[in-house]
Each structure stands twice: as structure tokens, then as C-alpha cells.
Amino acid sequence: TNWSFTRLPLLNVPMGRSLIQADIDLGGGKSITIINTHLSAYASTDDRVPQVQKVIETWNKSPRTLIMGDMNAHPGDTDMQLFLDAGLTSAQDATGKADLLTFSSAEPVERIDWIFGTAEFSFKDFEILSTQASDHLPLLVTVDLNG
């Protein structure tokens, strides 16, 4: 397994953000890439756009990639649309569960956590688990690698 760490652009927000990427050998000559990030909170969509652009640049359209994390962004926001425009699929939307909310765990009122995947993946059995182990609710999905 190879991994790397990349800082994301910091604009009008007080806290630095980053991503971590891991390439995982599945054996048989196959591997997958996992990118996890936490985009700026208490920021405008415009402040997150350069962060999403950096995530997409780091991904570099590599096949068999999952990108996930606390994006602090809602469905329909410009920054999340960038992931979709880049050819990624939202696991939550692909499984017909777009209405499930992820924040806060005490009283969910918004959807700001995401799992995206490249075309080599399909998603099923998407759930949001009920727990207060974090201020966000965990996303659970079965991911199948096609081919």
C-alpha cells in the first residue's frame, strides 16, 4: 500500500484542510485508490471550489478510485457538481437514498458527507447509521468493483 498527503488551498477560512490518498493492492494485478478529505466548514461554496479542484487534480482521473469525506457541501452546490462533472458517481444518489441526512448526529438536518466513485464501481445497500459517536452520521455502502 502506498499513500500520500496533500494540503488543500486555504482561502477565506481559518483552518487548513488536506486529503490523504492510499493505493491498495487487491492482488491479481488490481488495485484501488481511496481519497479521503475534509473540506472547509463555515465557508462559502466559492471557498471550497479550489479545494475540490485540488482533490480532482490529485485524483487525476485514475480508474478504480473512491473519493469520500466530510465535504461540508450540499446536493446541488457548485463544488459537489464538480465531482459529478468530472465523471464520478455519488453512492448515495446512485442507490436512490438522496433524501437521507448526515449532519448532525443528534438531529440530522442536512446532507454534507459524500462517497464518490469512478465508473468501475457500483454501489448498493446504502445506509446512514444512527449513532452519536461523532457529530456526523456514518455512511455505509456496499461497493462492488466491476471487472
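Take any residue in the sequence shown, count from 1 to its spot, add 3: that is its number in our numbering. Just so you know, even glycine gets a beta-carbon here, dropped at the ideal spot from N, CA and C.
### Ranges of the beta strand (DSSP E) found wholly within the stretch 30–83, counting only runs of at least 3
33–41, 68–73
### Task
Flag this pair as yes or no: are the beta carbons of Leu14 and Pro53 separated by less than 8 Å?
yes
### Query
Roughly how many angstroms separate the alpha carbons of Ile35 and Leu91, rounded to a whole number?
15 Å
### Task
Closer than 6 Å by C-beta to Ser7: which residues in its own chain qualify, once you throw out the five before and the five after it? Chain order, please.
Gln24
### Task
Under 8 Å by Cβ, that's how I've got Ile27 and Thr4 pegged, so tell me the actual separation to the nearest angstrom.
5 Å
### Query
Looking at the unbroken alpha helix (DSSP H) that takes in Asp147, where does it start and where does it end?
Careful: Asp147 lies outside any alpha helix (DSSP H), inside the beta strand (DSSP E) at 142–148.
### Query
Nearest CA to the CA of Lys33: which residue from Ala46, Arg67, His41, Ser108?
Arg67
### For Ala46 and Gly19, the rounded distance between their alpha carbons
12 Å
### Task
Check the Cβ-Cβ distances between Leu11 and every residue of chain C, and say whether any is below 8 Å.
The structure shown contains no chain C; it holds only a single protein chain.
### Query
How is the alpha helix (DSSP H) around Asp128 delimited, first residue to last?
Taken as a continuous stretch (DSSP letters only), Asp128 belongs to no alpha helix (DSSP H), being part of the beta strand (DSSP E) at 124–131.
#### Entry: Endpoints, alpha helix (DSSP H) assigned at Asp116
First-last for Asp116: 116–120, but that is the beta strand (DSSP E), not the alpha helix (DSSP H).
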